[in-house]
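S.K.: In my numbering, the protein residues as written are 4 to 378.
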């Protein structure tokens, strides 16, 4: 099976982890700080906090920015952690519908804000870079400035991507990345928060490690925290993977462009990457296509046929507002663009271990199956 995404672990990665195992510290050692500093330099940002998962990173960020009992505008098209962690810190997600690219639609934000029953409680905008493609940062940042909102970017898919020449990570008040195994680089599990704010950085450090402040032999706790730390083995793997990130992104881009050419003017679906604006560089964590509506009812059959052909496809994502948890808390919401997107989308294999021959096979098989199901 050729998965839609996977890790790429080389011998030097294994050697780095082995050296860490032989070191004096398995946790709270020098490799974590070195990894954070290397990431900050790569992203062009003042501070990076590394922790045990992007889900933890989201929760810490929401808490550190004081979103408890407040409202955050966010997208329904994401992995559920984006919104779940709002609920976990007693905040309420306010869903805004999406555009054709799967990202929040900037044109809908003002309507969502002004039709909210309690606009004074809206304190943040939480965007998601769907598939590794940046949101339109300038429009979202302008909206946040108008309404004095925090701009939080869940860029779990997008490490290595850029917007108008700037790395994603330096564009929002806080940016979250995932280092899960199938992301552009990995620490097996892991998450990052990038920020220019020194105040936020210090709050995040406390939340990551029990709220404990060490001052020599004197210890103080003025607020609670968690054990969300990243260990030295993960940091060692991250330090080994980070120099490969741009090369991995380049391979994913080559595959995505190859698919685009093969799918030009096909009558069955639209590849999202083909419409990528010149000012955005995607990490291509996902290569998503949108099936034409005549194939929606046959999508499950198409997915199964692709899996039977050893092509690892997946659907990203079921809209969060349609889950039982959110229907019980927020009521039945109608977000037509998100719901149509879910009906239409599927993700094809696109990762740094793929060859163009595998991409050709995936493309040829998909086109043949679409022709068969359309007949």
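Think of the CB as a built atom: it goes at the ideal place given N, C-alpha and C, for glycine as much as any other residue.
To the nearest angstrom, report how far apart residue 344 and residue 28 are at their CA atoms.
M.R.: If you take the alpha carbons of residue 344 and residue 28, they lie about 47 Å apart.
S.K.: May I have the straight-line CA-CA distance separating residue 317 from residue 163, to the nearest angstrom?
M.R.: When rounded, the distance between both Cα atoms is 22 Å.
S.K.: Count the CB pairs spanning the stretch 70–81 and the stretch 127–147 that are closer than 8 Å, and state whether there are at least three.
M.R.: Verdict: yes, contact present.
S.K.: Are the CB atoms of residue 81 and residue 194 nearer to each other than 7 Å?
M.R.: No, these two residues do not count as a Cβ contact at 7 Å.
S.K.: What residue from 362, 183, 63 and 211 has the CA that sits closest to residue 465's CA?
M.R.: Only positions 4 to 378 of the chain appear in this structure, which leaves residue 465 out of reach.
S.K.: Which parts of the stretch 338–375 are runs of the beta strand (DSSP E), unbroken and 3 residues or longer, counting only runs that do not cross its ends?
M.R.: As far as the stretch 338–375 is concerned, its whole beta strand (DSSP E) runs of at least 3 residues are 348–351.
S.K.: Spatial neighbours of residue 154 within its chain, please: CB distance less than 7 Å, with the 5 preceding and 5 following residues excluded, ordered by chain position.
M.R.: Here the set comprises 128, 143, 144, 147, 175 and 176.
S.K.: Buried or exposed: residue 140, going by 16 or more other Cβ atoms within 10 Å of its Cβ?
M.R.: Buried is the call here.
S.K.: Considering residue 204, what are the terminal residues of the alpha helix (DSSP H) in which it resides?
M.R.: Unbroken alpha helix (DSSP H) run through residue 204: 201–211.
S.K.: Three or more beta-carbon pairs under 8 Å between the stretch 4–19 and the stretch 239–248, yes or no?
M.R.: They touch, by the three-pair rule.
S.K.: Taking its Cβ as the centre, do 16 or more other Cβ atoms sit within 10 Å of residue 224, making it buried, or is it exposed?
M.R.: It counts as exposed.
S.K.: Relative to the alpha-carbon of residue 315, which residue among 274, 119, 361 and 79 has its alpha-carbon at the smallest distance?
M.R.: The option with the nearest alpha carbon to residue 315 is 361.
S.K.: Between residue 48 and residue 171, what straight-line distance do the alpha-carbon atoms span, to the nearest angstrom?
M.R.: Answer to the nearest angstrom: the Cα atoms are 10 Å apart.
S.K.: Please identify the residue among 151, 263 and 354 whose C-alpha is closest to the C-alpha of residue 8.
M.R.: Closest option to residue 8, Cα to Cα, is 354.
S.K.: With C-beta atoms as the reference, is residue 92 less than 7 Å away from residue 211?
M.R.: Their beta carbons are not under 7 Å apart, which means residue 92 does not touch residue 211 by this criterion.
S.K.: What three-state label does DSSP hand residue 2 in the structure shown?
M.R.: Residue coverage of the chain in this structure runs from 4 to 378, which leaves residue 2 outside it and unanswerable.
S.K.: Following the continuous beta strand (DSSP E) through residue 178, name the residue where it begins and the one where it ends.
M.R.: Its beta strand (DSSP E) spans residues 177–181.
S.K.: Among the residues of its own chain, which have a CB less than 6 Å from the CB of residue 83, if the five just before and after it don't count?
M.R.: Taken in chain order, the residues that qualify are 323.
S.K.: Would you identify the three-state DSSP class for residue 48, choosing helix, strand or coil?
M.R.: Three-state result, residue 48: coil.
S.K.: Restricting to Cα atoms, I'd like to know which of 95, 71 and 61 is closest to residue 231.
M.R.: It is 61.
S.K.: Considering only residues of the same chain and omitting the five flanking positions on each side of residue 42, which have a CB-CB separation below 6 Å?
M.R.: Correct list, in chain order: 51.
S.K.: Report the three-state DSSP secondary structure of residue 96 (helix, strand or coil).
M.R.: Here residue 96 sits in strand by DSSP.
S.K.: Would residue 227 and residue 214 qualify as a contact pair, given that the criterion is a beta-carbon distance under 7 Å?
M.R.: Closer than 7 Å, so yes.
S.K.: How many angstroms separate the CA atom of residue 298 from the CA atom of residue 271?
M.R.: Straight-line Cα distance between these residues: approximately 8 Å.
S.K.: If you draw a straight line from the C-alpha of residue 248 to the C-alpha of residue 190, how long is it?
M.R.: Each residue's alpha carbon lies about 13 Å from the other.
S.K.: Going by C-alpha distance, which of 265, 169 and 235 is nearest residue 46?
M.R.: Comparing Cα positions, the closest option is 169.
S.K.: The alpha helix (DSSP H) spanning residue 117 covers which residue range?
M.R.: Looking at the DSSP string, the run of the alpha helix (DSSP H) that includes residue 117 is 112–117.
S.K.: Give a yes or no on whether the C-beta atoms belonging to residue 99 and residue 89 are separated by under 7 Å.
M.R.: No; because the gap between Cβ atoms is not below 7 Å, this pair is not in contact.
S.K.: According to DSSP, is residue 11 part of a helix, a strand, or is it coil?
M.R.: Here residue 11 sits in coil by DSSP.
S.K.: So what's residue 278 in DSSP terms, helix, strand or just coil?
M.R.: It is helical.
S.K.: Which residue comes first and which comes last in the beta strand (DSSP E) that contains residue 288?
M.R.: No beta strand (DSSP E) contains residue 288, which DSSP labels as neither H nor E.
S.K.: Does DSSP classify residue 168 as helix, strand or coil?
M.R.: Reduced to three states, the DSSP call for residue 168 is coil.
S.K.: In terms of residue numbering, what span does the beta strand (DSSP E) encompassing residue 223 cover?
M.R.: Here the beta strand (DSSP E) through residue 223 covers 221–224.
S.K.: Which first and last residues belong to the beta strand (DSSP E) in which residue 195 is found?
M.R.: Unbroken beta strand (DSSP E) run through residue 195: 194–198.
S.K.: Taking 7 Å as the cut-off, decide whether the C-beta atoms of residue 283 and residue 133 are in contact.
M.R.: Contact: no.
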